[in-house]
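In case it helps, the numbering used here puts the sequence shown at residues 28 to 459. C-beta: ideal position from N, C-alpha, C; glycine also. One structure below.
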Amino acid sequence: MDTDVVGQLGIYTWGANSYGQLGHGHVEDLSLPRLADDGVRQTRQTRAVRLLSGGGGHSTVVSEIETHQTRQHSSSLQLSNFEEGELLVCGQNHKGQLGLGHSSEVRTFKICPLIGHRVAQVSCGWDFTLILTGHGQILTCGSNAYGQLGTSEPVSHSVQPRPVQALGEPVVGVAAGLRHSLAVTGTGQVYQWGFGLSGQARRALSPQPVPEHFTSKTPRLVPGLGHVMSHWVAAGSAHCACLTVTGDVFLWGSNKHGQLTRTETFLPAPVRLDRSALDGERVTNIHSGWTHLVAQTEKRRVFTWGRANYGQLGRTEPTSQCSGGASPGATTQWTRVPSEVKVLCGATQIACGSEHNLAIVGGRLLSWGWNEHGMCGDGSENDVSQPQPVADLRPILIGCGAGHSMALCAVNGSDGEQRASVDVEMRRSALT
């Protein structure tokens with residue numbers, strides 16, 4: 028891919044925007060996708076965006092920036108003449124979750140100056156951010172009210188990204204829950220920290236003590252996974268998930284909405300998801316909203332389970348289960364057991380917000396679930412119970428915040444109203 032093609036791509040954002048997290052320079056919600064504002068271009072170095080993610084009120088973009096060295100990359104989104112891993116941020120920043128060294132709100136994308144660090148992955152919690160570097164180190168910033176930054180120091184928050192020191196080996200994946208954190212290392216070990224789940228754990232497990240991985244401010248090895256090798260982690264508002272190299276999913280934490288597929292209200296240690304619920308197939312990807320999960324299998328099928336009150340499972344409840352007097356979306360056998368969403372078969376990407384989702388299927392962008400702020404992108408604020416196409420976007424990459432959506436798309440040159448001049452050349456003036 029050459030820079031002419033790169034110039035035809037842009038980041039569309041829509042949904043909740045109370046803190047400027049959409050990057051348009053204002054705080055009005057948008058129920059239709061719109062190209063993000065790149066501000067005044069003081070320099071024009073082309074970027075190749077390769078990761079989009081968001082938190083409660085902030086957004087992050089990981090990009091590659093043009094250099095003068097030529098390298099060969101295998102991915103279509105990894106271009107020659109690009110240096111990997113620059114981080115751009117915008118939105119809510121009252122706890123320093125943007126890592127900019129201050130706590131002022133930012134309404135257009137700014138560069139987070141991580142000198143000497145190449146960013147490999149970012150995961151956003153409600154008001155904090157986990158940054159994984161290319162060397163396997165975790166940097167954290169934002170709120171530490173629940174110990175979610177992984178530091179033993181008595182700090183309430185951090186406006187500067189700070190390293191998590193307690194891990195003795197390189198990390199390959201991170202996941203931020205609402206107020207807790209997960210990491211998986213190169214040797215397949217899973218660590219957890221932050222006590223955002225401790226209250227639920229205490230109530231559910233009393234009089235038994237709460238395990239240390241639910242109460243620690245620094246990373247603690249999650250028990251019960253020593254016999255498997257994990258390579259990916261996902262987090263909900265109060266639950267945790269990991270995916271092993273053999274395609275098994277392990278779940279633990281809150282089961283209030285049936286998201287752990289069990290009947291217990293809380294699981295203190297990981298329990299393997301029975302593959303029979305997925306027709307015996309291996310899982311290749313696991314994604315998590317606040318109270319629901321989405322799994323992709325080896326045959327490219329997509330299964331969902333957990334809370335369903337906003338349509339976030341993307342499937343219609345059977346009539347036989349609706350007639351028993353249960354309120355819509357209540358936890359039933361139908362929501363607790365993984366079930367396939369056939370229209371999503373073959374999805375190349377899936378992203379979960381708090382209670383809404385995006386997917387790329389057959390080159391089309393689909394959305395479903397909670398839509399109070401227009402995050403499903405259909406021009407309304409009505410919840411969407413089944414996956415529906417989003418406008419005429421040609422998606423390349425997708426990501427979600429709690430209540431907003433992001434997509435890197437091919438830009439229609441005639442799209443003047445949506446600022447078609449914006450492409451992946453995002454401003455470098457943001458260092459000031």
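Reduced DSSP category for residue i - H, G, I as helix; E, B as strand; rest coil
i	result
S45	coil
K137	strand
Q227	helix
A63	coil
S107	Low confidence applies here, because S107 scores a pLDDT of 31, under 50, leaving its location unreliable and the question unanswered by this model.
S303	helix
V54	coil
L127	coil
E239	helix
V438	coil
L209	strand
H78	Note on residue identity: the sequence assigns Leu, not His, to residue 78. Of the three classes helix, strand and coil, the one that applies to L78 here is strand, per DSSP.
T70	Unreliable placement is indicated for T70, whose pLDDT of 30 sits below 50; no coordinate value is reported for it.
Y39	strand
T232	This sequence places Leu at residue 232; Thr is not what is there. The answer is helix: DSSP assigns L232 an H, G or I state.
S90	strand
I142	coil
G112	strand
M433	strand
E367	strand
R289	coil
R309	coil
R98	Any reading at R98 must be qualified, since the residue scores a pLDDT of 35, below 50, and its modelled position is unreliable; the value itself is stated next. Looking at R98 - three-state DSSP - the assignment turns out to be coil, as it is neither helix nor strand.
T167	strand
L252	coil
For residue i, the first and last residue of its enclosing alpha helix (DSSP H)
i	result
R299	Unbroken run through R299 is the beta strand (DSSP E), 293-299; no alpha helix (DSSP H).
Paired residues, beta bridge with residue i - DSSP
i	result
H85	G118
A172	DSSP, once it has assigned bridges, lists no residue as partnering A172.
H314	V321
C372	Beta-bridge pairing links C372 to no other residue.
I377	A386
H266	G280
L340	Answer by DSSP bridge pairing: none, since L340 is not bridged.
T273	DSSP, once it has assigned bridges, lists no residue as partnering T273.
Range covered by the beta strand (DSSP E) that runs through residue i
i	result
Q187	184-190
T362	Looking at the DSSP string, T362 is not in any beta strand (DSSP E); the run it does join, the alpha helix (DSSP H), is 360-363.
S412	411-416
W259	257-262
V199	198-203
T178	Neither: T178 is in no beta strand (DSSP E) and is coded neither H nor E.
F330	329-333
C151	146-151
W395	391-396
P422	421-427
I387	383-388
Q219	217-220
T160	155-160
CA nearest to the CA of residue i, picked from the options
i	options	result
T242	V211, L57, C117, R206	R206
G126	G163, A147, H85, Q323	H85
C427	Q415, G404, E113	G404
V149	S303, T292, G50, A261	A261
A437	G430, A418, T178	A418
R247	G195, V272, V76	G195
R145	F136, Q164, C151	Q164
R334	S264, M256, V272, R391	S264
V54	T375, H400, Q413, G143	H400
R299	G112, T245, W317, C267	C267
S208	C168, Q413, P236	C168
S407	N398, P414, S45	N398
L424	P60, N44, W41, V76	V76
V186	C269, V201, S170, P234	S170
P295	T343, T178, G380, G280	G280
S432	N409, L385, Q415, G389	L385
P416	G82, G226, R309, W395	W395
H135	R391, G52, E382	As written in the sequence, residue 135 is Thr, which differs from the His given in the question. For the residues R391, G52, E382, the minimum Cα distance to T135 belongs to G52.
E11	A322, W317, P297	No information on residue 11 is available, as it lies outside the stretch 28 to 459 that the chain covers here.
P422	A172, K283, A378, H121	A378
H258	V199, V310, H314, H240	V199
R328	N312, Q413, Q339	N312
P365	G430, S381, H284, G389	H284
P197	P188, A210, G204, R189	A210
I142	L114, F155, C151	L114
is_contact[residue i, chain D] using C-beta, thresh 8 Å
i	result
L79	Looking at the structure shown, chain D is missing, and only one protein chain is on hand.
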